[in-house]
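Participant: Chains as they are written, first to last, in the UniProt record's numbering: chain V, 1 to 187; chain Z, 1 to 187; chain F, 1 to 187; chain Y, 1 to 187. Built from N, CA and C at the ideal position, the CB exists for glycine as well.
4 protein chains.
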Amino acid sequence: MKHSEIKDHIIKTASHLFYHKGYNLTGINEIISEAGIAKATLYNHFKSKEDICLAYLQYKNSAFLTKIKEVCASKKKGIGQVLAVFDFLEAFFKDKDFNGCWCINTISELPKENQRIRSEIQQQKNSLINFLTELVGQNLPDHSTLEQQKLAKQIYLLYEGAVAESHLHQNDWPITSARELCNSIIN
Amino acid sequence: MKHSEIKDHIIKTASHLFYHKGYNLTGINEIISEAGIAKATLYNHFKSKEDICLAYLQYKNSAFLTKIKEVCASKKKGIGQVLAVFDFLEAFFKDKDFNGCWCINTISELPKENQRIRSEIQQQKNSLINFLTELVGQNLPDHSTLEQQKLAKQIYLLYEGAVAESHLHQNDWPITSARELCNSIIN
Amino acid sequence: MKHSEIKDHIIKTASHLFYHKGYNLTGINEIISEAGIAKATLYNHFKSKEDICLAYLQYKNSAFLTKIKEVCASKKKGIGQVLAVFDFLEAFFKDKDFNGCWCINTISELPKENQRIRSEIQQQKNSLINFLTELVGQNLPDHSTLEQQKLAKQIYLLYEGAVAESHLHQNDWPITSARELCNSIIN
Amino acid sequence: MKHSEIKDHIIKTASHLFYHKGYNLTGINEIISEAGIAKATLYNHFKSKEDICLAYLQYKNSAFLTKIKEVCASKKKGIGQVLAVFDFLEAFFKDKDFNGCWCINTISELPKENQRIRSEIQQQKNSLINFLTELVGQNLPDHSTLEQQKLAKQIYLLYEGAVAESHLHQNDWPITSARELCNSIIN
DNA sequence: GATGAATGAGAGTTCATTCAT
DNA sequence: TATGAATGAACTCTCATTCAT
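(1) Scan the region 164-182 of chain Z for residues whose Cβ lies nearer than 9 Å to a Cβ of chain V and list them as they occur along the chain.
(2) Tell me where the alpha helix (DSSP H) around Asn139 (chain V) begins and ends.
(3) Would the region 34-52 of chain Y and the region 69-81 of chain Y be scored as touching if the rule is three or more Cβ pairs under 8 Å?
(4) Would you call Gly78 (chain Z) buried or exposed, if buried means 16 or more other Cβ atoms sit within 10 Å of its Cβ?
(5) Are there 16 or more other CB atoms within 10 angstroms of the CB of His3 (chain F), so buried, or fewer, so exposed?
(6) Can the beta-carbon of Glu165 (chain F) be found less than 8 Å from the beta-carbon of Glu5 (chain Y)?
(7) Quick one: grab the DSSP three-state call for Glu180 (chain Y).
(8) Could you tell me whether any Cβ in chain F is nearer than 8 Å to the Cβ of Ile6 (chain Y)?
(9) Just reading off the alpha helix (DSSP H) that Asn99 (chain Z) is part of, what are its end residues?
(10) Alpha carbon to alpha carbon, what distance is there between Leu57 (chain Y) and Cys103 (chain Y)?
(11) Please report the distance separating the alpha-carbon of Gln115 (chain V) from that of Gln123 (chain V).
(12) Keeping to the same chain, check which residues put their C-beta closer than 6 Å to that of Asn99 (chain Z); ignore five residues upstream and five downstream.
(13) Taking C-beta to C-beta, are Ile186 (chain Y) and Val82 (chain Y) nearer than 8 Å?
(14) With distances taken from CA atoms, which of Z:Asp8, Z:Lys7, Z:Glu30 and Z:Lys125 is nearest Leu17 (chain Z)?
(15) Please name the residues in the region 80-110 of chain F whose beta-carbon is closer than 7 Å to at least one beta-carbon of chain Y, in chain order.
(16) Out of F:His9, F:Pro174 and F:Ile129, state which residue places its alpha-carbon closest to the alpha-carbon of Tyr59 (chain F).
(17) According to the Cβ coordinates, are Leu157 (chain V) and Pro174 (chain Z) closer than 8 Å?
(18) Quick one: what's got a C-beta closer than 6 Å to Asn61 (chain V)'s C-beta in the same chain, skipping five residues either side?
(19) How long is the line joining the alpha carbons of Gln154 (chain F) and Ser127 (chain Y), rounded to whole angstroms?
(20) Rounded to whole angstroms, what's the CA-CA distance from Gln138 (chain Z) to Phe88 (chain Z)? Just pull it up for me.
(21) Ser15 (chain Y) versus chain F: which residues are under 9 Å apart at the beta carbon?
(22) Tell me which same chain residues have a C-beta within less than 8 Å of the C-beta of Glu120 (chain F), skipping the five on either side of it?
(23) Look at the alpha carbon of His169 (chain V) and the alpha carbon of Ala40 (chain V), and state the distance between them as a whole number of angstroms.
(24) Can you list, in chain order, the residues of its chain with a C-beta nearer than 7 Å to that of Tyr23 (chain F)? Leave out the 5 residues immediately preceding and following it.
(25) Which of helix, strand or coil does DSSP assign to Lys60 (chain Z)?
(26) How many whole angstroms separate the CB atoms of Ile32 (chain F) and Leu42 (chain F), which I take to be in contact at a CB cut-off of 8 Å?
(27) Taking Glu30 (chain V) as the query, report the chain Z residues whose CB atoms sit under 9 Å from its CB, ordered along the chain.
(28) Give the DSSP-derived three-state secondary structure of Gln170 (chain Z) in the structure shown.
(29) Between V:Ile11, V:His167 and V:Lys7, which lies nearest to Glu90 (chain V) when the distance is taken from Cα to Cα?
(30) Within its chain, find whatever has a CB closer than 8 Å to the CB of Asn183 (chain F); leave out the 5 residues flanking it on each side and keep chain order.
(31) Starting from the beta carbon of Ala162 (chain V), find every residue of chain Z whose beta carbon is closer than 7 Å, and list them in chain order.
(32) With DSSP collapsed to three states, give me the class of Lys150 (chain V).
(33) Need the endpoints of the alpha helix (DSSP H) that Thr13 (chain F) sits in, please.
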């Protein structure tokens with residue numbers, strides 16, 4: 001395995017564990033034994049557990065953005081492309097891999113002082129808002145830019161609420177509910 | 001101090017620490033040193049750390065429900081009483097004690113297997129939905145019962161989203177945004 | 001309940017726990033909750049856990065001597081009365097309450113320095129040897145006093161081995177085997 | 001020090017403490033400070049205290065079997081080789097390291113539920129019975145196989161009784177007594 | 001005489017990280 | 001570069017005993 005392949009392998013292994021068991025509840029030992037590497041090898045690729053956390057967040061977000069954009073693009077232009085974010089979420093929720101939002105999960109586990117992770121998470125959320133703003137811009141051209149921005153934030157709020165609550169209640173009604181509400185404001 | 005006073009004292013101390021530092025990052029040692037009691041004293045009052053966690057959640061929720069009901073009741077009957085949940089949240093957010101939702105924070109830190117805490121949290125969220133349903137029922141009597149229930153869930157989603165996102169972004173725009181969206185659907 | 005009745009109640013409760021769970025593995029809390037008394041009440045009757053241990057040993061030994069003498073006395077005079085110690089043991093072993101020898105069990109759990117308990121146990125064992133010496137003296141009068149003493153000690157050894165090994169192997173072959181060997185030396 | 005050397009070092013240190021102070025009365029802290037290693041180092045070599053206990057029992061038994069076989073083999077073939085088990089015991093008793101039987105001592109300290117340790121101990125005892133059966137088979141060839149097995153079990157009982165009682169009474173008369181009785185049944 | 005709340009000391013175990021090889 | 005052994009600090013929890021009431 002090449003150097004970067006090992007790193008990828010570590011990130012994937014750690015991501016699965018962090019996402020499903022939680023950051024603090026996943027030990028370094030678990031990561032290395034799952035990844036089948038030596039402890040020092042892990043520390044050759046990452047300075048600390050926190051660095052792996054950062055890589056985990058980026059890995060998750062990157063895959064997420066790719067997928068959600070894909071799903072939206074697959075729909076016919078117009079309102080449907082906007083509502084597609086909830087179609088994506090519905091599928092995401094039904095996937096056995098679903099365990100809520102990695103950002104929310106992670107931020108809850110870290111001390112307030114940890115600015116490094118916190119700002120990464122804020123950036124990720126901003127990138128989602130940006131995507132939604134573009135999506136609204138492209139598909140609801142009749143609204144003013146200001147209104148588009150306002151709508152994007154509201155959809156973002158609905159999306160975030162739906163992720164968290166479908167996870168918490170283990171039920172997809174929050175997604176349905178958010179979708180309906182979204183539909184009513186973009187018509 | 002009487003038995004129950006000590007217990008209350010422990011709950012308050014632990015609650016502050018759990019809420020602000022996180023459950024896993026708060027050690028028993030920190031709780032006892034902050035509370036000024038011996039370790040065994042704590043364990044005379046609580047069987048385990050998890051039991052303290054449960055008491056913490058209940059303490060938080062109880063205070064929360066009291067306060068939000070108070071704020072809503074203080075407004076003039078009608079739409080205002082419904083929107084008041086966001087007034088409450090605005091004040092909550094501005095309080096220096098604000099650190100997001102204790103339920104969301106806590107559930108992120110616990111293993112999936114922990115059904116005891118998870119179901120407490122689900123119950124708390126359901127009690128909020130129930131409150132919102134009553135609130136809508138009393139203040140928006142023109143809607144059908146079914147529509148009232150749907151509205152309550154949507155407001156719940158907006159509220160939850162606003163809590164999480166104002167916390168995450170350290171900014172109150174999500175509250176304002178949720179309030180506006182709420183306003184638009186109840187008019 | 002009278003003072004001495006409470007004491008008896010504590011001894012019986014503690015004895016059951018000590019005998020079945022072991023001395024160190026039985027906590028004071030377990031004793032009081034099982035006995036239904038307050039912690040300080042226990043300490044009003046016993047200076048320390050060690051004192052309860054002493055009372056436990058004496059309680060066990062006293063009941064044991066009474067019973068074994070009873071069983072032996074119930075047999076027709078002669079060899080049968082001697083072999084009856086193994087009849088007693090057989091019945092003891094089959095009792096669901098059987099958990100080996102309290103003396104051996106207890107001495108294994110205590111530091112060498114604890115002379116108080118150790119000498120109590122040695123006394124108990126000597127009282128058993130004395131009983132066996134009497135038993136042999138009364139039932140095997142053809143042997144010399146010296147031979148009787150030697151026989152008594154050998155029977156004691158066989159008895160002790162049979163108790164320990166039937167307990168360890170959870171099987172009564174050691175009792176049968178000891179009985180046979182005993183039979184062969186007293187004929 | 002190599003990995004296995006450290007492990008051996010831990011086993012030896014723990015064995016000495018377990019055997020002389022008892023399993024429950026020996027803390028992990030005592031083992032590590034005596035062994036001069038860090039706590040986590042110990043837990044890198046052993047999963048739990050119970051695992052160290054198992055290694056202790058095996059270490060003791062292995063040394064015991066080696067030694068007793070050696071002593072028996074050193075005698076001239078015949079009755080003497082059988083009686084040699086008590087010669088071994090006599091020497092064992094006189095050794096300042098003598099503290100009774102590790103199996104009996106340990107089993108007394110453990111909860112009934114601990115099948116892992118209990119079965120190890122039963123195995124060890126069975127291996128002793130097997131050795132005695134071989135010994136009798138080789139040195140008392142005139143007896144039938146059945147009689148040999150019966151004899152072996154009786155000698156086992158005598159041996160076990162002698163170990164426990166010499167330890168309890170801190171006197172070697174039980175060994176002498178057992179030896180004589182053994183002598184009388186194999187002639 | 002009876003209570004139950006409080007305690008200091010210590011239990012076994014796990015953690016992320018480092019370092020010599 | 002890759003390793004695995006070693007670590008100090010922290011973890012949750014339990015113990016027998018005491019003391020004010």
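Facilitator: Put simply:
(1) Ala164, Glu165, His167, Leu168, His169, Gln170, Trp173, Pro174, Ser177, Ala178, Glu180 and Leu181
(2) Gln115 to Asn139
(3) no
(4) exposed
(5) exposed
(6) no
(7) helix
(8) no
(9) Counting along the chain, Asn99 (chain Z) falls outside any alpha helix (DSSP H), and DSSP gives it neither H nor E.
(10) 7 Å
(11) 12 Å
(12) Tyr19 and His20
(13) yes
(14) Z:Glu30
(15) Ile104, Asn105, Ile107, Ser108 and Glu109
(16) F:His9
(17) yes
(18) Gln124
(19) 25 Å
(20) 18 Å
(21) Here the premise fails: no neighbours, minimum Cβ distance about 16 Å.
(22) Leu54, Leu57 and Gln58
(23) 40 Å
(24) Cys53, Thr106 and Glu109
(25) helix
(26) 5 Å
(27) In chain order: nothing, as chain Z lies at least about 13 Å away.
(28) coil
(29) V:His167
(30) Ile79 and Leu83
(31) Leu157
(32) helix
(33) His3 to Lys21
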